[in-house]
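*Asks:* Next up is a structure, given as structure tokens.
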């Protein structure tokens with residue numbers, strides 16, 4: 089398992105919990121707006137840190153930190169991910185996975201082993217625009233769909249989420265996404281920030297008002313729908 093860093097204290101990665109967020113290297117997508125670009129197209133081996141360092145920190149923070157989130161990159165590409173979660177669980181922490189859903193086999197294994205307390209899965213766009221949005225020509229949408237349905241029918245807590253960008257998303261896309269995630273527990277629309285770490289720059293965000301206008305599209309389809317990342 090290639091760990092390229094960890095955020096020791098986060099109040100935003102696991103709602104209602106104090107979390108430590110672990111960043112893994114490598115991804116099977118090339119989303120141009122990704123804000124962790126160095127973990128996707130960079131030399132991840134040169135950024136690697138020891139798992140011992142992570143576990144030593146977690147050992148010291150028992151009772152002070154509630155949960156461990158694993159993100160990327162794409163965490164489900166990592167060998168030893170299940171073993172990592174097993175050890176974290178043994179230490180008494182809640183566990184969360186951030187994923188793009190392209191490895192439903194790995195997701196199923198983690199769920200079957202009861203290693204996850206929360207899953208946040210990205211819905212990059214409507215199905216027809218997945219290649220455009222992810223920077224990968226031949227995206228296997230069936231695998232994405234398998235992960236979506238798996239989470240809908242799972243007992244684990246979860247959410248679906250989309251980072252909205254005007255160059256990639258419009259109202260028709262949001263209508264299609266609303267149908268795709270119909271029956272889900274939670275769906276969040278996230279604000280795009282053009283940060284230094286993004287793979288590419290210059291994309292256009294939706295204002296808070298513009299994003300709020302999409303919320304009614306999900307009424308009656310998702311139990312909870314919301315927006316994230318906007319200043320109050």
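In this note's numbering, the protein residues as written are 89 to 320.
Idealized CB from N, CA, C, for every residue including glycine.
In this text the structure is predicted, and so the values were computed from the model without any measurement.
Kindly indicate which three-state DSSP category residue 312 falls into: helix, strand or coil?
*Replies:* strand
*Asks:* Taking only runs that begin and end inside the segment 96-174, name each unbroken beta strand (DSSP E) of 3 or more residues, in chain order.
*Replies:* 107-112 and 155-159
*Asks:* Which partner residues of residue 292 appear in the DSSP bridge assignment?
*Replies:* DSSP output for residue 292 lists no bridge partner at all.
*Asks:* Can you list, in chain order, the residues of its chain with a C-beta nearer than 8 Å to that of residue 137? Leave out the 5 residues immediately preceding and following it.
*Replies:* 91, 92, 93 and 94
*Asks:* Of the choices 209, 244, 232 and 89, whose alpha-carbon is the least far from that of residue 219?
*Replies:* 232
*Asks:* Excluding the 5 residues preceding and the 5 following residue 107 in the sequence, name in chain order all residues of the same chain whose CB lies nearer than 6 Å to its CB.
*Replies:* Sequence-distant Cβ neighbours of residue 107 in its own chain, meaning closer than 6 Å and more than five residues away, are 98, 101, 155 and 157.
*Asks:* If residue 150 and residue 180 are in contact, beta carbons under 8 Å, what's the gap, nearest whole angstrom?
*Replies:* 6 Å
*Asks:* Looking at the strands, I want to know which residues DSSP matches up with residue 321.
*Replies:* Outside the displayed span of the chain (89 to 320) sits residue 321, for which this structure offers no information.
*Asks:* Would you call the CB atoms of residue 235 and residue 189 closer than 8 Å?
*Replies:* yes
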